[in-house]
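Data block below; observations after.
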Amino acid sequence: GEQVEQRPPHLSVREGDSAVIICTYTDPNSYYFFWYKQEPGAGLQLLMKVFSSTEINEGQGFTVLLNKKDKQLSLNLTAAHPGDSAVYFCAAGTGNYKYVFGAGTRLKVIA
Amino acid sequence: GGIITQTPKFLIGQEGQKLTLKCQQNFNHDTMYWYRQDSGKGLRLIYYSITENDLQKGDLSEGYDASREKKSSFSLTVTSAQKNEMAVFLCASSIGDRGGAEQFFGPGTRLTVL
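Written out as structure tokens, the structure reads:
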């Protein structure tokens, strides 16, 4: 079945620097992708939903890139600030109600 | 907007005990999910329910039962708690569109087994 490898597991950057998290998925039929943010003691909050038809998606302070050829999804926080410190998860799905999640990246932004 | 409520927030059990976790959503979503979150392992699907009278096993269903009592509620039972087990159980819901609907998550139930 589908597997999603997420790296790095831990990431520490200075305020204003960029932070990049990469997920590699295995199922070529994956069509829906998600990035979630989890703050301490909370559930997951959706950052962005990505369809495989769109390679570049921009949010507030971040960009999501989808490379279908290499089966990679990346989240790039362009100028990180302390409020971005959290655990980030990617997820991939083929449209059958189920999604496979990456193991998560714990991001720390140092002021 | 809506909200997902999970009870209890913290659950401490004894080895071998049967434990029940509850989830309620007021989004009027069709589909609900239970995930287990272990440190460094991401989220693993235990059970999901596509519609009110449906129940589907996920990858981690062994050792668990689930019940979709009504559209708004979905319970998970740990049939026999394992000693020293620690995990967070997350409930989620979505509109159930096969077209890749996003999931909304509750805050989690933190389980500790003594």
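As they're listed, the protein sequences go chains A and B.
Numbering-wise, the first sequence is residues 1 to 111 according to our numbering.
Numbering-wise, the second sequence is residues 1001 to 1114 according to our numbering.
Beta carbons are placed, not taken as given, at the ideal position from N, Cα and C, and that holds for glycine.
Note that the structure is a prediction, hence the values are computed from the model and not measured.
Query	Result
Where residue 1032 (chain B) falls, given that 16 or more other Cβ within 10 Å makes a residue buried	buried
Proximal residues of chain A, C-beta to C-beta of residue 1048 (chain B) below 9 Å	97, 98
Under 7 Å (Cβ pairs) to chain A, residues found in the segment 1008 to 1039 of chain B	1031
For residue 1063 (chain B), three-class secondary structure by DSSP	coil
Residue-chain proximity (residue 1002 (chain B), chain A), Cβ-Cβ < 8 Å	no
Check whether residue 2 (chain A) and residue 36 (chain A) have beta carbons under 8 Å apart	no
Cβ-based burial, residue 1017 (chain B) [other Cβ within 10 Å; buried from 16]	exposed
CB contact flag (residue 38 (chain A), residue 109 (chain A), <8 Å)	no
Where residue 83 (chain A) falls: helix, strand or coil (DSSP)	helix
Cutoff 8 Å: residue 32 (chain A) Cβ touching any chain B Cβ	yes
Pairwise C-alpha distance: residue 1048 (chain B) and residue 1074 (chain B)	9 Å
Cut-off 6 Å between Cβ atoms - residues of its own chain near residue 1051 (chain B), not counting five sequence neighbours on either side	1030
Residue-level contact to chain B via CB, residue 42 (chain A), 8 Å cutoff	yes
Uninterrupted beta strand (DSSP E) stretches inside the segment 1 to 39 of chain A (no shorter than 3 residues)	4 to 7, 10 to 14, 19 to 25, 32 to 38
Selection from B:1005, B:1113, B:1008, B:1043 that minimises the alpha carbon distance to residue 1084 (chain B)	B:1113
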